[in-house]
Amino acid sequence: MNIIEAKNIHRKFGSGELITHVLKGIDIQIKDGEFVAIMGKSGAGKSTLMYQLSALDEPTDGEILIDETDIIGMKENERTAFRLNTLGYVFQDYALVPDLSARENVMMPLLMRGITWAEASKTADESLDNVGLKDKYLNLPGMLSGGEQQRVAIARAIAGKPKIIFADEPTANLDSISGKQIIDLLTCLHKDSGQTIVMVTHEPEYAKNCDRIINMEDGLIVDEKNPWINRY
Amino acid sequence: MLSIKIGLFLGFRQIQRSNPWTTILIIFVMMLTFLNLIAVSGILVGLIEGAERAVRENSLGDIIISPLDEEDHILETVSIIRELEAYPEISAYSVRYNGNATLEANYKERRDLSGERDTAAVIINGINPKQEDEMSGLSTLLRDGEYLRDDEEGYILVGAYYLKEYAENFGDIFDTIDAKTGDTVRLSIGDISKEFTIKGIVESKVDEINLATFIPEREFRRLFSRQDRNAEQIVIRTATPEINAEVSKNLKNDGMSDYAKIQTYEEGLPKFLIDIKKTFNVLGTFIGSIGIVVASITIFIIVFINAMSRRRHIGILKGIGIKRSAIEIAYVIQAAFYALLGSFLGAVVTYAILIPYFDKNPIQFPFSDGILSADPEVTFWKFVILFIITLIAGFVPAWMIVRQNTLNSILGRK
Ligand SMILES: Nc1ncnc2c1ncn2[C@@H]1O[C@H](COP(=O)(O)OP(=O)(O)O)[C@@H](O)[C@H]1O
Ligand SMILES: [Mg+2]
Numbered sequence: 124m125n126i127i128e129a130k131n132i133h134r135k136f137g138s139g140e141l142i143t144h145v146l147k148g149i150d151i152q153i154k155d156g157e158f159v160a161i162m163g164k165s166g167a168g169k170s171t172l173m174y175q176l177s178a179l180d181e182p183t184d185g186e187i188l189i190d191e192t193d194i195i196g197m198k199e200n201e202r203t204a205f206r207l208n209t210l211g212y213v214f215q216d217y218a219l220v221p222d223l224s225a226r227e228n229v230m231m232p233l234l235m236r237g238i239t240w241a242e243a244s245k246t247a248d249e250s251l252d253n254v255g256l257k258d259k260y261l262n263l264p265g266m267l268s269g270g271e272q273q274r275v276a277i278a279r280a281i282a283g284k285p286k287i288i289f290a291d292e293p294t295a296n297l298d299s300i301s302g303k304q305i306i307d308l309l310t311c312l313h314k315d316s317g318q319t320i321v322m323v324t325h326e327p328e329y330a331k332n333c334d335r336i337i338n339m340e341d342g343l344i345v346d347e348k349n350p351w352i353n354r355y
Numbered sequence: 016m017l018s019i020k021i022g023l024f025l026g027f028r029q030i031q032r033s034n035p036w037t038t039i040l041i042i043f044v045m046m047l048t049f050l051n052l053i054a055v056s057g058i059l060v061g062l063i064e065g066a067e068r069a070v071r072e073n074s075l076g077d078i079i080i081s082p083l084d085e086e087d088h089i090l091e092t093v094s095i096i097r098e099l100e101a102y103p104e105i106s107a108y109s110v111r112y113n114g115n116a117t118l119e120a121n122y123k124e125r126r127d128l129s130g131e132r133d134t135a136a137v138i139i140n141g142i143n144p145k146q147e148d149e150m151s152g153l154s155t156l157l158r159d160g161e162y163l164r165d166d167e168e169g170y171i172l173v174g175a176y177y178l179k180e181y182a183e184n185f186g187d188i189f190d191t192i193d194a195k196t197g198d199t200v201r202l203s204i205g206d207i208s209k210e211f212t213i214k215g216i217v218e219s220k221v222d223e224i225n226l227a228t229f230i231p232e233r234e235f236r237r238l239f240s241r242q243d244r245n246a247e248q249i250v251i252r253t254a255t256p257e258i259n260a261e262v263s264k265n266l267k268n269d270g271m272s273d274y275a276k277i278q279t280y281e282e283g284l285p286k287f288l289i290d291i292k293k294t295f296n297v298l299g300t301f302i303g304s305i306g307i308v309v310a311s312i313t314i315f316i317i318v319f320i321n322a323m324s325r326r327r328h329i330g331i332l333k334g335i336g337i338k339r340s341a342i343e344i345a346y347v348i349q350a351a352f353y354a355l356l357g358s359f360l361g362a363v364v365t366y367a368i369l370i371p372y373f374d375k376n377p378i379q380f381p382f383s384d385g386i387l388s389a390d391p392e393v394t395f396w397k398f399v400i401l402f403i404i405t406l407i408a409g410f411v412p413a414w415m416i417v418r419q420n421t422l423n424s425i426l427g428r429k
């Protein structure tokens, strides 16, 4: 079963003379439980594609079904609710709320779902344990290293057990050791809970644990491969 | 409901983590705004209330008994007085007689009979000196000389505006004589005249006292041949000012209203005073409103900058599914916090410091000892207005920034 079904996605910016055609007709299907890496040179349109698939942006043209829901033409508040209940995000630069402790950051989407304070707090702690931040519940983001902050962001993304997790170059701002830990963490999560993960990266090294690698160039998908096939 | 809870939480944390000096400064601004709103009109109204208070203290008391409309005197004054004595709630009263007379100075020195006589038309009050003093503290209003005594005859107290020396500052508006304490003056009522020695000069912010002369009641009745003892006015001081309405009601129920008109101080207030108070209140509130505009712009800018600098985080919160309303509430809460704390401190300063201070040290105005008047109910409504305006001033910038495109906010675009 496909959890993401996108057909003929176009995304243009601007108008008239200044129009930029960034996505030029993309078809993509992602199966439930798949771990997909999107790769390609800088400027290829990877992030733009991810924003379309994750309901943060609307394509100029095309169709997107996520978990059998048509997300095109949704109202702003419907999108927000949809993102809350179905999707999890890991951004390149952690994107934590600086006024909230690690635990409170993780709790935010849970509370918004209507989960009680106590329950959300418990789930947040478990989630932080999962990413290896057992004694950092009360730390503010400013008191955590980049790698730790990214792990809080992952904890926040997974705490609500969303159907799909989107990660846009989650390791870009990290040194290679922390980057490796983050990738291992995502791989483990995928193995343990069978969550669908869509990750943008330009490190081939980090993509090798994925089920599938999608290569983009200049707004189009140029090839797809299974990293396991050419391993030996 | 959920949005409110999350908004509260986010807003509270934001306040908690914000720079304490900035917070103190903003709260200080809010406090000054609140004070401005209360104090400007409070002092304007206080001018009038100070005057009213002086009249109540030094002249009219808490309850005023005066003749019925169709009568010249209070009927059955003697029995009324007997009744009053039986009221434990009445702490003091004074029976006043009054009439018009001519006061003349320099009549002895004036050798040349064709020269101009130095006279003034005056109001004469016949009082029981001791009773009057207990009731109105007349002896404390002496500008010069001494107070009347019950066992003396031939002495008079003269209000300052009847004397050239004191009334000069006001130009030529008062009818005066040139005399001072210790001088002999002649009082004439029609054909009857009597010599008096000026025993003292009384002066007050209450013009009724400056424009009066006082002699003992016995002499008054003799001069005016008023044997029936029916007086023009009885003023009453109640144990506390607040019970005057109730005491007045009891007096009426006792049947006194058949013989005299009984009014509380408030009922007796002239309408123009009430109108001036209302006008001053509106004027003061208007001036204070300029303060509200300034404060709301301040709040607007603060919240705008605050939200603008957190635009990315706002985008991220929306990105992970937090409702717009929750984020807006977080900023409104901050504005509410500033307004609440500022107004609270403003109220504390007003009621715990300023009002007691001005009560003890009134502002000296020519016609009144100005106090700071801040009716708690009016203050409360001004607070509500300030609060609502602050909420709006916090909401608008938050709304402007929160409604921006989520992805643009996250990416810091545009
Ligand atoms: N809002 C936009 N307006 C104009 N051009 C844009 C906008 N967003 C992205 N682009 C352009 O689209 C191209 C792809 O961007 P992006 O998806 O961020 O690439 P990648 O993530 O693969 O590095 C870039 O050339 C970029 O300049
Ligand atoms: Mg990118």
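Here the protein sequences come in this chain order: A and B.
In our numbering, each number is its position in the first sequence, counted from 1, plus 123.
In our numbering, each number is its position in the second sequence, counted from 1, plus 15.
No residue lacks a Cβ here, since even glycine has one placed at the ideal position from N, Cα and C.
Predicted model, so just to flag it, every value in this text is computed and none were measured.
Check, Outcome
"CB residue 321(A) to CB residue 287(A), shorter than 8 angstroms?", "yes"
"Looking at residue 270(A): is its Cβ nearer than 8 angstroms to the Cβ of residue 297(A)?", "yes"
"Starting from residue 229(B), follow its DSSP beta bridges and name the residues at the other end.", "140(B) and 172(B)"
"Run the proximity test for residue 323(A): is its beta-carbon closer than 7 angstroms to any non-hydrogen atom belonging to ligand 2?", "yes"
"Tell me whether residue 215(B) is buried or exposed, calling it buried when 16 or more other Cβ atoms sit within 10 Å of its Cβ.", "buried"
"Are residue 45(B) and residue 354(B) close, meaning C-beta to C-beta below 8 angstroms?", "yes"
"Beta strand (DSSP E) containing residue 82(B): first to last residue?", "78-82"
"For my contact list, residue 303(B) and residue 51(B) are in at a C-beta cut-off of 8 angstroms; report their separation, rounded to the angstrom.", "5 angstroms"
"Considering only residues of the same chain and omitting the five flanking positions on each side of residue 310(A), which have a CB-CB separation below 7 angstroms?", "332"
"Taking Cβ-Cβ distances shorter than 8 angstroms, what residues in chain A pair up with residue 428(B)?", "Within chain A, no residue comes near residue 428(B); the closest Cβ sits about 10 angstroms away, beyond 8 angstroms."
"Listed from N- to C-terminal order along the chain, which residues in the segment 302-326 of chain A have their beta-carbon within a distance smaller than 7 angstroms of any beta-carbon of chain B?", "none"
"Could you give the distance in angstroms between the alpha-carbon of residue 355(A) and the alpha-carbon of residue 175(A)?", "In this prediction, residue 355(A) scores a pLDDT of 44, lower than 50, which makes its location untrustworthy; the coordinate-derived value is nonetheless stated afterwards. Roughly 35 angstroms between the two C-alpha positions."
"So which residues put a beta carbon under 5 angstroms from any heavy atom of ligand 1, going in chain order?", "136(A), 143(A), 145(A), 165(A), 166(A), 167(A), 168(A), 169(A), 170(A) and 171(A)"
"Just to check, is the beta-carbon of residue 201(A) closer than 7 angstroms to a non-hydrogen atom of ligand 4?", "Here the bound small molecules are ligand 1 and ligand 2; ligand 4 is not part of this structure."
"Closer than 8 angstroms, Cβ to any Cβ of chain A: which residues of the segment 329-353 of chain B, in chain order?", "331, 332, 333, 334, 335, 336, 337, 338, 339 and 341"
"Which of helix, strand or coil does DSSP assign to residue 258(A)?", "coil"
"Taking DSSP as the reference, what is the three-state secondary structure of residue 208(B)?", "strand"
"To the nearest angstrom, how far is it from the Cα of residue 153(B) to the Cα of residue 146(B)?", "10 angstroms"
"Are any of the Cβ atoms in chain B nearer than 8 angstroms to that of residue 218(A)?", "yes"
"Where does residue 88(B) sit, in a helix, a strand or coil, going by DSSP?", "coil"
"Once DSSP output is grouped into helix, strand and coil, what is the label at residue 162(A)?", "strand"
"Quick one: grab the DSSP three-state call for residue 108(B).", "strand"
"Measuring alpha carbon to alpha carbon, tell me which residue in 244(B), 182(B), 416(B) and 251(B) is nearest residue 331(B).", "416(B)"
"Is there at least one Cβ from chain B nearer than 8 angstroms to residue 184(A)'s Cβ?", "no"
"On the DSSP bridge list, what partners appear for residue 272(A)?", "Answer is none; residue 272(A) lacks a bridge partner."
"Taking Cβ-Cβ distances shorter than 9 angstroms, what residues in chain B pair up with residue 204(A)?", "336 and 338"
"With the cut-off set at 8 angstroms, would you say residue 210(B) and residue 169(B) are in Cβ contact?", "yes"
"Verify the contact flag: residue 252(A), CB atom, against every heavy atom of ligand 2, threshold strictly below 7 angstroms.", "no"
"Confirm, please, whether the CB-CB distance from residue 263(A) to residue 299(A) is below 8 angstroms.", "no"
"Looking at residue 291(A) and ligand 2, is the gap between the Cβ and the nearest heavy atom below 7 angstroms?", "yes"
"Would the segment 286-299 of chain B count as touching the segment 102-115 of chain B if we require 3 or more Cβ pairs under 8 angstroms?", "no"
"If we ignore side chains and look at the alpha-carbon of each, how far apart do residue 18(B) and residue 236(A) end up?", "10 angstroms"
"Nearest to residue 294(A) by alpha carbon, out of 261(A), 265(A), 330(A) and 317(A)?", "330(A)"
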